[in-house]
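Numbering (the numbering used here), first residue to last: 171 to 260. All residues carry an ideal CB built from backbone N, CA and C; glycine is no exception. What follows is one structure encoded as structure tokens, with my remarks underneath.
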Amino acid sequence: MEFIKPRAKPSNKTELFLSDRTLAVIKYYAEYTNYSEDEVVDLFLQKILEDPDFLEWIHGKRRNTKMLKQLFPKSNIDEVDNDQTEKVSE
């Protein structure tokens with residue numbers, strides 16, 4: 171697993187309901203890394219985009235342009251589509 175590195179980015183507040191154990195893990199990991207709890211959750215959830223089965227599912231969806239723009243905002247959609255398809259097929 172690759173561990174998180176600091177990164178400044180805009181965020182939107184959302185309400186999540188998590189178990190007490192998960193909240194404790196987030197709290198103590200944030201304390202350990204000197205990041206906010208929001209940053210820890212955001213950085214770990216970004217790792218979902220490395221799941222080859224999830225990427226395959228995304229690319230298998232029809233009309234996935236909006237989804238790709240949301241998940242990969244700084245990339246050219248055609249490049250993301252080709253790059254991720256190559257990673258999935260490896």
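Do residue i and residue j have their C-beta atoms closer together than 8 Å?
| i | j | result |
| --- | --- | --- |
| residue 209 | residue 197 | no |
| residue 241 | residue 219 | yes |
Ordered along the chain, which non-local residues of its own chain (more than five positions away) have a Cβ less than 8 Å from that of residue i?
| i | result |
| --- | --- |
| residue 237 | 228, 231 |
| residue 188 | 196 |
Just reading off the alpha helix (DSSP H) that residue i is part of, what are its end residues?
| i | result |
| --- | --- |
| residue 224 | 222-230 |
| residue 196 | 190-203 |
| residue 238 | 235-241 |
| residue 215 | 207-216 |
Which same chain residues end up closer than 7 Å to residue i when comparing Cβ atoms and leaving out the 5 residues on each side of it in sequence?
| i | result |
| --- | --- |
| residue 211 | 196 |
| residue 199 | 210 |
Among the options, which one has its Cα closest to the Cα of residue i?
| i | options | result |
| --- | --- | --- |
| residue 172 | 185, 201, 215 | 215 |
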